[in-house]
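Worksheet for the structure shown next.
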Amino acid sequence: MLKAVISESTPQGASSPAFKFACNSTIVQHLVPTSSLNKPRGGSETKTAEKPQILTSTEATATDGKAHVGRRGMHSATGAYWDEKKDGMWTFKYDGGENKGMDIVVMLIWVAI
107 MLKAVISEST
117 PQGASSPAFK
127 FACNSTIVQH
137 LVPTSSLNKP
147 RGGSETKTAE
157 KPQILTSTEA
167 TATDGKAHVG
177 RRGMHSATGA
187 YWDEKKDGMW
197 TFKYDGGENK
207 GMDIVVMLIW
217 VAI
């Protein structure tokens, strides 16, 4: 990613880009993929006319019945003291990882030289 950003930002005829870059990624893997949360497992266990109910227990369980802490929210924050006209930051959450049980966030920072 850095090679692509550097080549795109380097002016034609210049030997180096006008910015310094930093790239960071955060990948959180969950025990249960998002696609399988709150879905019945199928087979003979599935009931069609089940009434909603509130369950209380001291053990957290996944959809497969195994104990775990469950899926949690994700928060990310970044701050910097820079020139707002020349420097910046871009953050992107890749949604393609959710079916595989992952949250993926990529962040790019650029600072004028």
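Every letter in the sequence shown is one number past the one before it in my numbering, and letter 24, counting from 1, is 130. Glycine is no exception: its CB is placed at the ideal position from the N, C-alpha and C atoms. Note that the structure is predicted; figures quoted are calculated from it, not measured.
In three-state DSSP terms, what is residue i?
i, result
"Ala218", "strand"
"Gly203", "helix"
"Ser122", "coil"
"Glu190", "coil"
Which residue marks the beginning of the alpha helix (DSSP H) containing residue i, and which one marks its end?
i, result
"Ala183", "Taken as a continuous stretch (DSSP letters only), Ala183 belongs to no alpha helix (DSSP H), as it is neither H nor E."
Under the DSSP definition of a beta bridge, which residues are partnered with residue i?
i, result
"Ala128", "Ile215"
"Ile133", "Ile210"
"Met195", "Ile215"
Applying the 10 Å Cβ sphere with the 16-neighbour rule, what's the burial state of residue i?
i, result
"His136", "buried"
For residue i and residue j, which I take to be in contact (beta-carbon distance under 8 Å), what is that distance rounded to the nearest angstrom?
i, j, result
"Val211", "Lys199", "5 Å"
"Met213", "Asn130", "5 Å"
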